[in-house]
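Visitor:
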Amino acid sequence: MSWTDERVELLKKMWGEGQSASQIAKELGGVTRNAVIGKVHRLGLSNRAGAAGPAKAEAKPAPKAEAPKPKAAAPKPAPAPKPAEPEVVMETKSATPPASPRRQIIPAGQPLPPQPSANEISPEALAKVNAIEKKAKKLTLMELTEKTCKWPVGDPATPNFWFCGLPVQQGKPYCEAHVGVAFQPMSSRRDRRR
DNA sequence: CCCTGATTCGC
DNA sequence: GCGAATCAGG
1 MSWTDERVEL
11 LKKMWGEGQS
21 ASQIAKELGG
31 VTRNAVIGKV
41 HRLGLSNRAG
51 AAGPAKAEAK
61 PAPKAEAPKP
71 KAAAPKPAPA
81 PKPAEPEVVM
91 ETKSATPPAS
101 PRRQIIPAGQ
111 PLPPQPSANE
121 ISPEALAKVN
131 AIEKKAKKLT
141 LMELTEKTCK
151 WPVGDPATPN
161 FWFCGLPVQQ
171 GKPYCEAHVG
181 VAFQPMSSRR
191 DRRR
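Take 1 as the starting number for the first sequence in full-length UniProt numbering and just add one per residue.
1) Per DSSP, what kind of secondary structure is residue 180 in: helix, strand or coil?
2) Going by beta carbon distance, what residues of the same chain come within less than 8 Å of residue 40, once the five residues before and after it are set aside?
3) Assign residue 42 to one of two classes, buried (16 or more other C-beta atoms within 10 Å of its C-beta) or exposed (fewer than that).
4) Take the Cβ of residue 141 as the centre, count every other Cβ of all protein chains shown within 10 Å, and call the residue buried at 16 or more, exposed below.
5) On the DSSP letters alone, give me the boundaries of the alpha helix (DSSP H) that residue 123 sits inside.
6) Would you decide whether residue 62 is buried or exposed? Buried here means 16 or more other CB atoms lie within 10 Å of its CB.
7) Can you tell me the Cα-Cα spacing of residue 146 and residue 2, whole angstroms?
8) Where residue 153 and residue 17 are concerned, what is the direct C-alpha to C-alpha distance, given to the nearest angstrom?
9) Can you say whether residue 182 is buried or exposed, counting buried as having 16 or more other CB atoms within 10 angstroms of its CB?
Okay, structure coming up:
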């Protein structure tokens with residue numbers, strides 16, 4: 001497989017969307033994640049920062065090699081199809097519906113899934129979930145795999161019911177955000193010391 | 001152990 | 001330019 005224009009395009013697109021190298025490689029097919037990463041670097045777009053600068057910046061001062069890297073200037077037009085919104089959400093909502101323009105009382109009675117509701121979970125985790133649900137893949141039951149977050153969103157009796165679908169946290173059935181709010185209700189979780 | 005991206009270096 | 005091997009984390 002060679003890096004055709006289209007493939008590179010898809011690579012750029014997905015990378016820009018924050019897809020992982022392995023996911024991109026899988027999508028492209030015929031290449032490994034190493035190939036993808038290598039290409040990404042050669043293209044000069046290793047850094048996913050663009051518009052919305054993520055507060056987190058991993059610096060690599062190169063502990064070993066001290067090769068001078070003149071880092072050619074990367075003329076980037078305006079690659080920002082999906083500016084990542086900084087999480088400034090301070091909403092006072094607890095269990096609010098997904099990213100839906102119009103909200104309403106959910107029909108069916110009380111069949112709400114694991115949803116936290118009255119539980120006491122860090123507002124942080126909740127905000128995280130709410131934020132991440134906007135980026136959810138919105139998968140259907142059949143689309144779930146061992147690697148997709150199985151956190152249900154919405155009402156099963158509603159057309160807009162879906163599963164998070166984001167990459168799961170290794171081992172767990174949910175993505176990181178949902179893992180944080182999923183199983184935590186351990187009456188006393190004070191063993192495990194670090 | 002699963003995964004992530006980063007870098008090196010022979011091809 | 002390419003990407004496997006390797007590195008350095010999470």
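Even glycine gets a Cβ: it sits at the ideal position worked out from N, Cα and C. The model shown is predicted, which means the values in this text are computed figures rather than measured ones.
Guide: Well, looking at it:
1) helix
2) 11, 15, 21, 46
3) exposed
4) exposed
5) 123 to 133
6) With a pLDDT of 39 at residue 62, under the threshold of 50, the predicted position of this residue should be treated as unreliable, and no value is reported.
7) 30 Å
8) 22 Å
9) buried
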